[in-house]
Amino acid sequence: MTVDQRGSRTDIDRVDELLTHVADADVVRPFERTAGDEVQAVLADPSAVTALVVDLVADGHWSVGVGTGAVTLPLPASTRAGRGPAFEFAREAVDAAKLQRIPLAVRGPSVRWCTHVQTAARLLADVVGRRSTAGSAAVALVRAGLTQVEAAERLGITPQAMSQRLRAAGWDIETDARSLIEDLLAEADRDAGAAR
155 MTVDQRGSRT DIDRVDELLT HVADADVVRP FERTAGDEVQ AVLADPSAVT ALVVDLVADG
215 HWSVGVGTGA VTLPLPASTR AGRGPAFEFA REAVDAAKLQ RIPLAVRGPS VRWCTHVQTA
275 ARLLADVVGR RSTAGSAAVA LVRAGLTQVE AAERLGITPQ AMSQRLRAAG WDIETDARSL
335 IEDLLAEADR DAGAAR
């Protein structure tokens, strides 16, 4: 995965903040600044990729490129030193992402499956990115394991208001959409492996 800050010439450098945010992510090789305001990491778990992609794109400050396929083994300790088609695809993807309204692109040997991943992830990132602050707070509490009633109490609102916030935030489709993206990523990886 290659991530590049959007509008960095007119914004503060957000890379250190990003590195702190992703410090606990499930990665094979950790996120590292590669050049300027760009970071890169190696991931293998579709669930981790999905979570990061959706959250980073929805944040609004990042262009995200995901590359699927092989990496040259053994992987070096530093992400920056990694080589192989997946790294090349991630570079191509982040460059393509910069040109999109929803700045996310997925590239790899399986164009079909990568396009499916990209479409599903863009749709979910668009839903998440459009949430109000109140809707995001409601979703965060439910995602953390609270029931809607408990979350409503925590926010000081009625259960009915909580239900309305979750509905407006698109919470009802998020879990299924994340599962879809994970399955599509796994299929893209399987298809890339079959093509090797």
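155 is the number of the first residue of the sequence shown in my numbering; add one for each residue after it. C-beta atoms are modelled at their ideal positions from N, C-alpha and C, and glycine is treated no differently.
ask   = So does T204 have its beta carbon nearer than 7 angstroms to some heavy atom of the ligand NAD?
value = Ligands displayed in this structure: none; no statement on the ligand NAD is therefore possible.
message = For a test of the three-state rule: what should DSSP assign to V203, helix, strand or coil?
response = helix
inquiry  = Could you tell me which whole beta strand (DSSP E) segments of length 3 or greater appear in the stretch 165-197?
reply    = 183-189, 192-196
task = Count the CB pairs spanning the stretch 196-208 and the stretch 170-183 that are closer than 8 angstroms, and state whether there are at least three.
result = yes
message = Let me confirm a value: I256 is counted as buried when at least 16 other C-beta atoms fall within 10 Å, else exposed. Which label applies?
response = buried
request  = Flag this pair as touching only if the stretch 237-250 and the stretch 206-220 have three or more C-beta atom pairs under 8 angstroms; answer yes or no.
outcome  = yes
task = Following the continuous beta strand (DSSP E) through A259, name the residue where it begins and the one where it ends.
result = 258-261
Length of the line joining the Cα atoms of D170 and R160 = 15 angstroms
query = In this structure, does DSSP put Q254 in helix, strand or coil?
reply = coil
F241 versus V225: straight-line alpha-carbon distance, rounded = 7 angstroms
key: Outcome for L227 when other beta-carbon atoms lying within 10 angstroms are tallied against a minimum of 16   = exposed
message = With H, G and I counted as helix, E and B as strand and the rest as coil, what does DSSP make of G283?
response = helix
task = State the Cα-Cα distance for the pair Q262 and V157, rounded to the nearest angstrom.
result = Per the sequence shown, the amino acid found at residue 262 is Gly instead of Gln. The alpha-carbon atoms of G262 and V157 are separated by roughly 16 angstroms.
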